[in-house]
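Peer 1:
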Amino acid sequence: MASLALKLTDAGLASVQGASGSDAVVIAELGLTASPFEYAPTLTGLPGEFKRLAVTSGIAASPTVTHLTVYDTSADAWSANGLGLFLSDGTLFAVYSDAAPFLNKSGLAFALLAFDISFEADLAGNIAYGDATFAYPPATEQMRGIAEIATQQEVDDGADDARFVTPKKLWQRLQSIIQSVTDEVAARVNAVTLLWAGIANEAAARSSGDDALSGRIDIEAATRSAADVALGGRIDAEIQVRKGADDGLQGQVDTLRGRTVTGDGLVSGGGDLSDNRKLKVTEADPEDITAGTSGDKVVTPRRLGPIAMLLEQNGFIRFFGFQLAWGRFTATGNASTAVSFVQPFPTACFAVSGGGSTGGSDAQDNWPQIETASISRTGFTAQSAADGNVACSYIAVGR
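Residue numbers (the numbering used here): 96 to 494.
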């Protein structure tokens with residue numbers, strides 16, 4: 096069976112670390128349990144232990160693997176999910192647990208338990224096992240022991256390092272390799288033979304073709320020589336024709352270079368036609384528009400705008416940062432009347448002028464007045480001392 100990887104308890108680790116080759120700890124008993132459990136290094140007893148057997152013999156198969164032999168001659172029938180190793184002084188040395196049973200015994204059977212246990216460290220040299228005369232350890236590179244003969248498939252796969260190979264199975268494996276190498280060599284020799292035959296045929300064909308090509312090259316060379324002479328004459332004639340045309344074209348170019356295009360008035364820039372020229376119109380900035388003195392710059396819509404307006408009885412117009420608002424309202428007699436602009440001023444309203452009158456003599460000298468302190472960017476308040484309502488109008492300026 097496969098090696099069982101036991102985990103040491105704290106007490107077991109302390110015992111084996113304090114041991115030496117001349118004074119090793121002795122694994123004396125094997126405890127069995129049918130209850131799976133979680134490993135804890137502080138364990139001092141095997142959870143659910145139902146049976147304990149004396150270790151008959153044992154031997155270190157490698158620095159990390161030990162082989163144990165245990166007998167159970169009782170008529171008990173049992174299945175074990177876990178085990179624990181106990182030292183001669185009763186200390187729980189190491190434990191192993193699995194969810195499924197891995198050891199079984201029937202009531203009529205005599206149990207010889209021989210299995211391998213692996214540790215997580217090189218501890219086997221510090222452990223004694225009692226009588227090793229009848230131990231059957233697995234064969235390793237360090238220990239003589241029992242081993243299984245590998246199957247032909249395992250030999251062919253070449254992955255198993257625990258079973259040994261017989262000469263017959265080795266010969267079967269080597270024979271297939273040798274045969275494949277022999278077949279590959281024969282195939283390559285045949286391919287090389289065919290290649291050399293093809294090269295010889297190609298060389299003969301190319302030699303014949305080279306002779307024919309040489310004759311055709313001589314004929315082509317003579318034909319091209321005559322054509323080159325004729326072409327040379329045509330080139331000389333073309334050169335003369337083009338020289339005359341170039342002289343005429345140069346005269347036209349000189350004439351064009353003598354002409355100029357320059358700006359005037361609002362347009363500046365330009366020059367002669369020997370190069371690409373640009374004409375420029377300069378845009379007036381807000382300061383130029385405000386000053387109103389420049390005569391060589393243009394006013395564009397973006398400098399005046401945006402222009403917003405509402406040309407109605409209650410309306411406004413805003414451009415170039417200036418806003419003019421107007422409208423009508425009714426002043427309530429003997430009261431203050433709040434008036435809102437149809438469009439608030441973005442920044443501030445500077446002044447409001449307005450008023451109204453009626454035909455009654457009781458309102459004489461009591462016409463509505465604008466409360467200057469109430470003027471804001473959104474409206475103003477009018478105060479009327481007349482007895483009745485008065486129709487009024489106003490004009491406001493701001494920005």
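Using N, Cα and C, we set each Cβ at its ideal position, and we do this for glycine too.
Would you kindly report the start and end of the unbroken alpha helix (DSSP H) that includes A481?
Peer 2: That residue, A481, is in no alpha helix (DSSP H); it is neither H nor E in DSSP.
Peer 1: What's the C-alpha gap between T228 and S152?
Peer 2: Low confidence applies to T228: its pLDDT is 45, below 50, so where it sits in the model is not reliable, and the reading given next is rough at best. Roughly 7 Å separates the two Cα atoms.
Peer 1: Please report the distance separating the alpha-carbon of K477 from that of F411.
Peer 2: The sequence shown places Ala at residue 477, rather than the Lys named in the question. Near 20 Å, if we compare the C-alpha coordinates of F411 and A477.
Peer 1: Could you tell me the distance, in whole angstroms, from the CA atom of Y231 to the CA atom of D211?
Peer 2: Here Y231 scores only 48 on pLDDT, less than 50, and its place in the model is too uncertain to base an answer on.
Peer 1: Would you be able to state if there are at least three C-beta pairs under 8 Å between the stretch 482-489 and the stretch 423-437?
Peer 2: Output reads yes: the stretch 482-489 touches the stretch 423-437.
Peer 1: Where does S201 fall in DSSP's three states?
Peer 2: Coil at S201, not helix or strand.
Peer 1: Contact between the stretch 108-128 and the stretch 173-193: three or more CB pairs below 8 Å?
Peer 2: In short, these stretches touch, since the Cβ pair count reaches three.
Peer 1: Can you round the beta-carbon distance between T512 and A106 to whole angstroms, since I take them to be within the 8 Å contact cut?
Peer 2: What is shown of the chain runs 96 to 494, which leaves residue 512 out entirely.
Peer 1: For D193, which residues of its own chain have a beta-carbon under 6 Å away from its beta-carbon, when the five flanking residues on both sides are left out?
Peer 2: Closer than 6 Å at the Cβ level, and outside the excluded window around D193, lie N176.
Peer 1: Taking buried to mean at least 16 other C-beta atoms within 10 Å of its own C-beta, is A209 buried or exposed?
Peer 2: A209 is buried by the Cβ-count criterion.
Peer 1: Can you tell me the Cβ-Cβ gap for R494 and F440, rounded? I've got them flagged as a contact below 8 Å.
Peer 2: Between F440 and R494 the Cβ distance is about 7 Å, and since that is below 8 Å, they are a contact.
Peer 1: Starting from the Cα of L399, find the closest Cα among E382, L406, T388 and give me that residue.
Peer 2: Checked all of E382, L406, T388; the closest Cα to L399 is E382.
Peer 1: Whose C-alpha, out of A156, I470, V362, is nearest the C-alpha of D217?
Peer 2: For the residues A156, I470, V362, the minimum Cα distance to D217 belongs to A156.
Peer 1: Relative to the C-alpha of P396, which candidate in T357, L163, N285, I384 has its C-alpha closest?
Peer 2: Answer by Cα proximity: I384.
Peer 1: What are the partner residues of A486, as DSSP defines its beta bridges?
Peer 2: T425, per the DSSP bridge assignment.
Peer 1: Confirm, please, whether the CB-CB distance from A491 to A420 is below 9 Å.
Peer 2: Yes, Cβ-Cβ distance for A420 and A491 is below 9 Å.
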